[in-house]
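Number of protein chains: 2
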Amino acid sequence: MTDTSRQLPHPQLADVQLPAALFALSDPARLDLVRQLAVQGPLTVAQCQATGGEVPKSTFSHHLKTLREAGLVRNEPAGRQRTVTLRRDEIDERFPGLLDAVLGESLVDGASR
Amino acid sequence: MTDTSRQLPHPQLADVQLPAALFALSDPARLDLVRQLAVQGPLTVAQCQATGGEVPKSTFSHHLKTLREAGLVRNEPAGRQRTVTLRRDEIDERFPGLLDAVLGESLVDGASR
DNA sequence: CCTACTGTTCGAGTTGCTTCGAACAACCGG
DNA sequence: CCGGTTGTTCGAAGCAACTCGAACAGTAGG
Numbered sequence: 228m229t230d231t232s233r234q235l236p237h238p239q240l241a242d243v244q245l246p247a248a249l250f251a252l253s254d255p256a257r258l259d260l261v262r263q264l265a266v267q268g269p270l271t272v273a274q275c276q277a278t279g280g281e282v283p284k285s286t287f288s289h290h291l292k293t294l295r296e297a298g299l300v301r302n303e304p305a306g307r308q309r310t311v312t313l314r315r316d317e318i319d320e321r322f323p324g325l326l327d328a329v330l331g332e333s334l335v336d337g338a339s340r
Numbered sequence: 228m229t230d231t232s233r234q235l236p237h238p239q240l241a242d243v244q245l246p247a248a249l250f251a252l253s254d255p256a257r258l259d260l261v262r263q264l265a266v267q268g269p270l271t272v273a274q275c276q277a278t279g280g281e282v283p284k285s286t287f288s289h290h291l292k293t294l295r296e297a298g299l300v301r302n303e304p305a306g307r308q309r310t311v312t313l314r315r316d317e318i319d320e321r322f323p324g325l326l327d328a329v330l331g332e333s334l335v336d337g338a339s340r
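Going line by line, the protein sequences match chains C and D.
Per my numbering, the very first residue in the first sequence carries number 228; after that it's consecutive.
Per my numbering, the very first residue in the second sequence carries number 228; after that it's consecutive.
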């Protein structure tokens with residue numbers, strides 16, 4: 228079919244339940260990643276991993292998968308790398324106020340908003 | 228000492244980390260309980276349990292403990308029973324906007340606020 | 001007192017998440 | 001084409017959380 232390449236499945240945010248989103252955010256490593264994406268915008272996996280501390284690739288990929296399946300981030304092929312994006316607008320529509328509350332401390336100013 | 232009776236330990240909200248709070252809220256049963264407390268105000272354990280569906284006492288008590296240790300609810304002796312209260316003001320101060328976002332759908336009007 | 005009532009704690013079984021190394025897949029440059 | 005780079009998937013080991021019955025503790029009432 229029109230399967231251009233390594234496209235991973237992303238859920239519709241309408242299908243995501245709040246507990247699933249909260250669970251994805253309840254891990255410190257994943258929460259940090261979301262915060263980083265909120266402030267610095269789209270990043271490659273390597274860039275996230277570099278700032279996030281030193282963890283094996285597979286572990287990091289697992290967290291990424293959890294966030295993706297919870298509808299919080301988008302993970303798309305970009306040449307040889309992969310771009311990770313926070314689904315901010317969609318999340319804000321599905322769970323109003325959640326992202327702002329969760330980011331909280333890390334959003335001192337309205338930089339990327 | 229001045230240990231009047233069955234007082235359970237409650238954390239200072241300043242000591243509660245956001246991931247711990249999110250984790251406590253990431254279980255459907257616990258989230259429902261928090262929503263119920265937000266709308267109906269302080270309840271006895273029996274009252275919560277009645278509305279929340281049919282689960283063994285011990286299971287329910289476990290969820291209550293998780294919420295208590297996450298600083299989300301207060302659980303105090305009231306005669307023969309126990310009163311469960313949502314620590315709304317403290318949570319709002321520690322994690323601004325979080326409760327409103329999480330309650331969201333269940334707060335159509337500003338009833339108890 | 002002694003019983004009934006309310007709710008927590010303990011212990012065991014099961015399930016699920018986390019973590020990691022190794023194997024696999026896609027892409028780009030020489 | 002072939003090697004190096006980037007990142008996901010697989011499988012296994014370790015550990016934490018969920019569930020539930022049974023035992024325990026405090027309280028009110030007869």
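Note that CB positions come from ideal geometry on N, CA and C, so glycine has one too.
- Under the three-pair Cβ rule at 8 Å, the segment 284–298 of chain C does not count as touching the segment 270–282 of chain D.
- Separation of the CB atoms of residue 245 of chain C and residue 258 of chain D is rounded to 7 Å, and the pair is thereby assigned contact status at 8 Å.
- Assignment of beta-bridge partners to residue 305 of chain C by DSSP yields C:308.
- In the structure shown, the three-state DSSP call for residue 326 of chain C is helix.
- Out of D:296, D:310 and D:300, the CA that lies nearest to the CA of residue 317 of chain D is found in D:300.
- If you draw a straight line from the Cα of residue 266 of chain C to the Cα of residue 269 of chain D, it is about 39 Å long.
- Chain C places no beta carbon closer than 9 Å to that of residue 287 of chain D, leaving this residue out of the contacts.
- Apart from sequence neighbours up to five positions away, the residues of its chain that approach residue 263 of chain C with a beta-carbon distance below 8 Å are 270, 275, 278 and 279, ordered along the chain.
- Taking C-alpha positions only, residue 249 of chain C is separated from residue 323 of chain C by approximately 13 Å.
- A straight line joining the alpha-carbon of residue 298 of chain D with that of residue 238 of chain C spans about 32 Å.
- Where residue 253 of chain D is concerned, there is no enclosing alpha helix (DSSP H), because DSSP gives it neither an H nor an E.
- The criterion of a C-beta distance shorter than 9 Å is not satisfied by residue 252 of chain D and residue 243 of chain D.
- Bridge pairing for residue 300 of chain D: D:313 [DSSP].
- When the beta-carbon positions are compared, residue 241 of chain C and residue 295 of chain C stay at least 9 Å from each other.
- The secondary-structure analysis by DSSP pairs residue 271 of chain D across a beta bridge with D:310.
- Listed along chain C are 324, 327 and 328, each with a C-beta nearer than 7 Å to that of residue 324 of chain D.
- At a cut-off of 9 Å between C-beta atoms, residue 316 of chain C does not count as an interface residue with respect to chain D.
- Under the 9 Å criterion on CB atoms, residue 331 of chain C is classed as interfacial with respect to chain D.
- In this structure, the CA atom of residue 233 of chain C is about 32 Å from the CA atom of residue 333 of chain C.
- A Cβ of chain C is located within less than 9 Å of the beta carbon of residue 246 of chain D.
- Listed along chain D, no residue sits closer than 8 Å to residue 236 of chain C by beta-carbon distance, the nearest being about 22 Å off.
- Less than 9 Å divides the Cβ of residue 328 of chain C from the Cβ of residue 327 of chain D.
- The beta carbons of residue 309 of chain D and residue 282 of chain D sit no closer together than 9 Å.
- In the structure shown, residue 246 of chain D falls within a helical segment according to DSSP collapsed to helix, strand and coil.
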